[in-house]
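Everything below concerns the one structure shown next.
Residue numbers (this note's numbering): 1089 to 1342.
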């Protein structure tokens, strides 16, 4: 009884260990499969990224070869200079409005000073304000001239870059015209070559088909001739046998 229980215990331990081994092996397979899938996904993602980079580099090289990069840079320069010129214009208008305000204020203060007593305190305040406005007016005029000069320089640069951009666009249009002519010629040559190859392939296919059909017809006609020859031979043999039998019967009757 004790030995039976011991055997049962050992067998149960063996089953339990076997179950654990199966579970661990399945986990290992799942982990390995997931790791393999993860590595494959990473590899495919890296391949996609490298393919995108290659396509991007090829597109940039094509743009440089054709001349689109220079035109894009020229357009960007024109856009930046246009924004810069507009900024200078807005600043110049603001300075002009401030100058107008100071001129109006000075005129108003001057009218008050004319009707004010020279020895009064209000006159001294108006005089100090007049000198302050004069100083502000001098500074604003200086800023206005600087802004006007910057605006003029920006406009001149804008005109130069616009002319250069138009020249590059014209050159690209001429170049694209020549490229279109070359492309049309190359496409016509390729079309004629592919058409010739297609016709040659079809001609060979038709020749093979006709040769095969002719070979079959020749084989069929030879088989028919053999059958006809056999039939004629059998018919002549039958006729000869009948003639021999008839002659033999006539000789016996005589």
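Where a beta carbon is used, it is the ideal one built from N, C-alpha and C, also for glycine.
Roughly how many angstroms lie between the CA atoms of residue i and residue j, to the nearest whole one?
i	j	result
residue 1145	residue 1268	24 Å
residue 1207	residue 1185	34 Å
residue 1287	residue 1262	37 Å
residue 1227	residue 1257	44 Å
residue 1088	residue 1198	The chain is shown from 1089 up to 1342; residue 1088 falls before or after that span and cannot be answered.
residue 1273	residue 1282	14 Å
residue 1211	residue 1180	33 Å
residue 1161	residue 1183	33 Å
residue 1234	residue 1219	23 Å
residue 1172	residue 1224	26 Å
residue 1346	residue 1141	Outside the shown range of the chain (1089 to 1342) lies residue 1346, about which nothing can therefore be said.
residue 1322	residue 1329	10 Å
residue 1290	residue 1284	10 Å
residue 1230	residue 1158	38 Å
residue 1170	residue 1156	21 Å
residue 1138	residue 1297	49 Å
residue 1242	residue 1217	36 Å
residue 1221	residue 1203	19 Å
residue 1260	residue 1300	58 Å
residue 1201	residue 1232	28 Å
residue 1215	residue 1187	19 Å
residue 1189	residue 1213	19 Å
residue 1295	residue 1266	43 Å
residue 1293	residue 1318	37 Å
Kindly indicate which three-state DSSP category residue i falls into: helix, strand or coil?
i	result
residue 1207	coil
residue 1329	helix
residue 1094	Only weak support exists for where residue 1094 lies, its pLDDT of 42 falling under 50; the value from the coordinates is given anyway. Of the three classes helix, strand and coil, the one that applies to residue 1094 here is helix, per DSSP.
Around the Cβ of residue i, are there at least 16 other Cβ atoms within 10 angstroms (buried) or fewer (exposed)?
i	result
residue 1249	buried
residue 1271	exposed
residue 1143	exposed
residue 1343	As shown, the chain starts at 1089 and ends at 1342. That puts residue 1343 outside it, with no answer to give.
residue 1149	exposed
Stretch pair the segment 1226 to 1238 + the segment 1163 to 1183: three plus CB contacts closer than 8 Å: yes
The segment 1160 to 1171 contacting the segment 1249 to 1257, beta-carbon criterion three pairs below 8 Å: Contact holds between the segment 1160 to 1171 and the segment 1249 to 1257, because three or more Cβ pairs, one in each stretch, are under 8 Å apart.
Any 3 or more C-beta pairs closer than 8 Å across the segment 1271 to 1284 and the segment 1188 to 1197: Of all C-beta pairs linking the segment 1271 to 1284 to the segment 1188 to 1197, fewer than three are shorter than 8 Å, placing the two stretches out of contact.
Within the segment 1153 to 1191, ranges of the beta strand (DSSP E) (whole runs, at least 3 residues): none
Those runs of the beta strand (DSSP E) which lie wholly inside the segment 1263 to 1295 and span at least 3 residues: none
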